[in-house]
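**Q** Mind looking over this structure? Questions follow.
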Amino acid sequence: MHHTAAIGVIGGYGAVGSAVVRRLHRAGAHPLLVGGRDPDRAAALAAGLPAGGQVDGTAVDLTDPDSLDRFVARCRLVVNCAGPSYRVLDAVARAALRHGVDYVDAAGDDPVHNLLCADGGSARWVTSGRTAVLSAGALPGLSSLLPRALAARTPGATALDAYVGGVAPLTPAAAGDVLLARGPEHGTPGAAWQDGRTRERALAPRRGVRVDAFPAAVDAFPFLSTEAVRLARATGLEQVRWYTVFGGERLAEELAMAWALETTDTADLVTAAEEDVRRHGAWYGQEFRLWTGAADGAPAARLVLRTADSYELSGFLAAAAALRTLRGELPPGVHYAADVLEPTATTQELAADGAAELRFS
1 MHHTAAIGVI GGYGAVGSAV VRRLHRAGAH PLLVGGRDPD RAAALAAGLP AGGQVDGTAV
61 DLTDPDSLDR FVARCRLVVN CAGPSYRVLD AVARAALRHG VDYVDAAGDD PVHNLLCADG
121 GSARWVTSGR TAVLSAGALP GLSSLLPRAL AARTPGATAL DAYVGGVAPL TPAAAGDVLL
181 ARGPEHGTPG AAWQDGRTRE RALAPRRGVR VDAFPAAVDA FPFLSTEAVR LARATGLEQV
241 RWYTVFGGER LAEELAMAWA LETTDTADLV TAAEEDVRRH GAWYGQEFRL WTGAADGAPA
301 ARLVLRTADS YELSGFLAAA AALRTLRGEL PPGVHYAADV LEPTATTQEL AADGAAELRF
361 S
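Have a look at this one:
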């Protein structure tokens, strides 16, 4: 592909996409093509960046295959920040492969990976010399990279506790992904990883927990995600207890109701998240605790992340994956970001980025 082809960011003026665009622009990755349904918003985002390097905005509609093909044909790498992921699925990735373009997805978890790898799909990416990086966001993504970085500093680690979540506004796309993040393709509620396998109904919710990653007491609900299982297998951990954290009441209540009614309408979730933010402020955290023996005393090591904006975290990781792909540092094929980005180096870059406060102890 011609070296002047663009780095395209779909959903480039959204909460995650704009964070990606700003970081790629700052890194000198040009030309940049900001795409979305509203060409005026795309152009405004491009025009508002500091001078230097070519940045253009254009319309792209993921529901229109011709529109998507026209956009991807102008690119050498596409970063997808549009959602919700359960609707986008593999559409952008397949367009990228058709045009011989590398691909980074800030979301794109197990269902997308399964679609891309079905019927020898992963081999087609390898044969074409193209790379697809999925789950390059805060969760999933950093939620697996950060504990790997902690494990690298903690020889003999055997057990992990994780607390991930907070209080944050939800974009409609993010609300859709939260709503659909259930079922065996995403994880198992109440489960823990013990002795090399998933043990169902092993953990109960924890109410009013004090965790350093969060400025107030939180409610923590056990959920062993497929990402957490991959993490356990990759690190050899014998035990993983993983908790999804809610710092407010309304979103947790509305999410439980939506699941009970089996609705796909996200409007009430967005409103509930807004109500939580008005009451509690916006904050997000991830905390990981490692033990080298029985997990019943003080942990041997701990990593605490705190930020006001989880979308900036996703923007950081998607941009980091894109830059490494552009430099040819990642192998061809279909990969989860946590499996191909080096944990320690990525964590150091995050600390320097300013998107979050990081503390090891």
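Heads up: the sequence shown is residues 1 to 361, going by UniProt numbering.
The beta-carbon is built from N, C-alpha and C at its ideal position, and this holds for glycine as well.
1. Starting from the C-beta of A138, find all residues in its chain whose C-beta is less than 6 Å away, skip the five residues before and the five after it, and write them out in chain order.
2. Compute the Euclidean distance between the alpha carbons of A42 and G8, then round it to the nearest angstrom.
3. By how many angstroms is the C-alpha of A260 removed from the C-alpha of R197?
4. Can you give me the C-alpha to C-alpha distance between G120 and L160, rounded to a whole angstrom?
5. Let me confirm a value: Q54 is counted as buried when at least 16 other C-beta atoms fall within 10 Å, else exposed. Which label applies?
6. Does the distance from the C-beta atom of A355 to that of T307 stay below 8 Å?
7. According to DSSP, is G17 helix, strand or coil?
8. Quick one: grab the DSSP three-state call for Q348.
9. Here's the rule: buried if 16 or more other CB atoms are within 10 angstroms of the residue's CB, otherwise exposed. What is E357?
10. By the DSSP assignment, the alpha helix (DSSP H) with H280 in it spans what residues?
11. Look at the Cβ atom of A157, then the Cβ atom of P343, and state whether they are nearer than 8 Å.
12. Starting from the Cα of L290, find the closest Cα among D90, P299, R153 and G141 and give me that residue.
13. Measuring CB atoms only, is the stretch 59-79 touching the stretch 93-104, in the sense that at least three cross pairs come out at less than 8 Å?
14. Please report the residue range of the beta strand (DSSP E) in which H113 lies.
15. Which partner residues does R26 have in the DSSP bridge list?
16. Going by DSSP, name the residue or residues bridged to Q194.
17. DSSP beta-bridge partners for Y336?
18. Any chance the stretch 209-220 sits against the stretch 116-133, with 3 or more Cβ pairs inside 8 Å?
19. According to DSSP, L305 sits in a beta bridge with which residue or residues?
20. Could you tell me the alpha carbon to alpha carbon distance between M1 and C81, rounded to whole angstroms?
21. My output table needs one value for V88: the three-state DSSP class, helix, strand or coil.
22. Can you tell me where the beta strand (DSSP E) with F71 in it begins and where it stops?
23. Would you call the CB atoms of H176 and P111 closer than 8 Å?
24. So A132 and H335 are in contact, right, with Cβ under 8 Å, and what is the actual spacing, rounded?
25. DSSP puts R327 in a beta bridge; with which residues?
26. Could you name the residues of the same chain whose beta carbon sits closer than 6 Å to that of P31, not counting the 5 residues immediately before and after it, in chain order?
27. Would a C-beta distance cut-off of 8 Å place P222 and P189 closer than the cut-off?
28. Is DSSP giving A107 helix, strand or coil here?
29. Spatial neighbours of F360 within its chain, please: CB distance less than 6 Å, with the 5 preceding and 5 following residues excluded, ordered by chain position.
30. Do L49 and R22 have their beta-carbon atoms positioned less than 8 Å apart in this structure?
31. Which residue's Cα is closest to the Cα of R201: H186, L224, A345 and D265?
32. Note down, one range per segment and in chain order, each beta strand (DSSP E) of at least 3 residues found wholly within the stretch 147-231.
33. Find out if the Cβ-Cβ distance for the pair residue 407, S144 is shorter than 8 Å.
34. Using the Cα positions of R292 and A162, report the straight-line distance between them to the nearest angstrom.
35. Can you look up A82 in the DSSP assignment and give me helix, strand or coil?
**A** Considering the structure as presented:
1. The residue labelled residue 138 in the question sits at position 138 within the sequence shown. The beta carbon of A138 is closer than 6 Å to those of S310, L313 and S314 in its chain, skipping five residues each way along the sequence.
2. Within the sequence shown, the letter at position 42 stands for residue 42. Within the sequence shown, the letter at position 8 stands for residue 8. When rounded, the distance between both Cα atoms is 12 Å.
3. On the sequence shown, residue 197 is found 197 positions in, with the first residue counted as 1. On the sequence shown, residue 260 is found 260 positions in, with the first residue counted as 1. Taking the straight line from one Cα to the other gives about 28 Å.
4. Numbered from its first residue, the sequence shown carries residue 120 at position 120. Numbered from its first residue, the sequence shown carries residue 160 at position 160. The alpha-carbon separation between G120 and L160 amounts to approximately 34 Å.
5. Within the sequence shown, residue 54 is the residue found at index 54, counting from 1. Q54 is exposed by the Cβ-count criterion.
6. Position 355 of the sequence shown, counted from the start, is the residue given in the question as residue 355. Position 307 of the sequence shown, counted from the start, is the residue given in the question as residue 307. Closer than 8 Å, so yes.
7. On the sequence shown, residue 17 is found 17 positions in, with the first residue counted as 1. DSSP places G17 in helix when its eight states are reduced to three.
8. Against the sequence shown, residue 348 aligns to sequence position 348. DSSP places Q348 in helix when its eight states are reduced to three.
9. Locating residue 357 in the sequence shown gives position 357, where the first residue counts as 1. By the neighbour-count rule (16 or more Cβ atoms within 10 Å), E357 is not buried but exposed.
10. Taking the sequence shown and counting its residues from 1, the one referred to as residue 280 is at position 280. Its alpha helix (DSSP H) spans residues A267 to H280.
11. Taking the first residue of the sequence shown as position 1, residue 157 is located at position 157. Taking the first residue of the sequence shown as position 1, residue 343 is located at position 343. Not closer than 8 Å, so no.
12. Mapped onto the sequence shown, residue 290 falls at position 290. Cα-wise, what sits closest to L290 is P299.
13. yes
14. Numbered from its first residue, the sequence shown carries residue 113 at position 113. No beta strand (DSSP E) holds H113; the alpha helix (DSSP H) holding it covers D110 to C117.
15. By one-based count along the sequence shown, residue 26 stands at place 26. Bridge partners of R26: none, in fact.
16. Here residue 194 is taken as the residue at index 194 of the sequence shown, counted from 1. Answer is R197 and Q239, bridged to Q194.
17. The count along the sequence shown starts at 1 and reaches residue 336 at position 336. Per DSSP, L134.
18. no
19. In the sequence shown, residue 305 corresponds to position 305, counting from 1. Its beta-bridge partners are Q286 and L358.
20. Indexing the sequence shown from 1 puts residue 1 at position 1. Indexing the sequence shown from 1 puts residue 81 at position 81. Because the pLDDT of M1 is 41, which lies under 50, any placement of that residue in the model is unreliable, and the number read from its coordinates should be weighed accordingly. Going by the C-alpha atoms only, they are around 23 Å apart.
21. Taking the sequence shown and counting its residues from 1, one reaches residue 88 at position 88. V88: helix per DSSP, three-state reduction.
22. In the sequence shown, residue 71 corresponds to position 71, counting from 1. Where F71 is concerned, there is no enclosing beta strand (DSSP E), although the alpha helix (DSSP H) it sits in stretches over P65 to V72.
23. Here residue 176 refers to the residue found at position 176 when the sequence shown is read from its first residue. Here residue 111 refers to the residue found at position 111 when the sequence shown is read from its first residue. The question names His, but residue 176 in the sequence shown is Gly. Taking 8 Å as the Cβ cut-off, G176 and P111 do not qualify as a contacting pair.
24. Numbered from 1 along the sequence shown, position 132 holds the residue referred to as residue 132. Numbered from 1 along the sequence shown, position 335 holds the residue referred to as residue 335. Confirmed, about 7 Å.
25. Taking the sequence shown and counting its residues from 1, one reaches residue 327 at position 327. R327 is not bridged to any residue.
26. Counted from its first residue, the sequence shown places residue 31 at position 31. The residues are A6 and Q54.
27. The residue given as residue 222 occupies position 222 in the sequence shown. The residue given as residue 189 occupies position 189 in the sequence shown. Yes, Cβ-Cβ distance for P222 and P189 is below 8 Å.
28. Sequence index remark: in the sequence shown, residue 107 carries index 107 (1-based). Correct three-state label for A107: coil.
29. Counting from one through the sequence shown, the residue named residue 360 turns up at place 360. Same-chain partners within the cutoff: L303.
30. Counting from 1 along the sequence shown, the entry for residue 22 is found at position 22. Counting from 1 along the sequence shown, the entry for residue 49 is found at position 49. Yes, they are a contact pair.
31. As a first step, residue 201 is located in the sequence shown; it is residue number 201 there, counting from the start. For the residues H186, L224, A345 and D265, the minimum Cα distance to R201 belongs to L224.
32. Counting only runs of 3 or more residues that sit fully inside the stretch 147-231, the beta strand (DSSP E) segments are 159-167, 187-189, 192-194, 197-199, 206-209 and 218-225, in chain order.
33. Here the chain covers residues 1 to 361 and nothing more, so residue 407 does not appear.
34. Counting from 1 along the sequence shown, the entry for residue 292 is found at position 292. Counting from 1 along the sequence shown, the entry for residue 162 is found at position 162. Per the sequence shown, residue 292 should be read as Thr rather than Arg. Taking the straight line from one Cα to the other gives about 15 Å.
35. As a first step, residue 82 must be located in the sequence shown, where it is residue number 82. Residue state, collapsed to three classes: coil.
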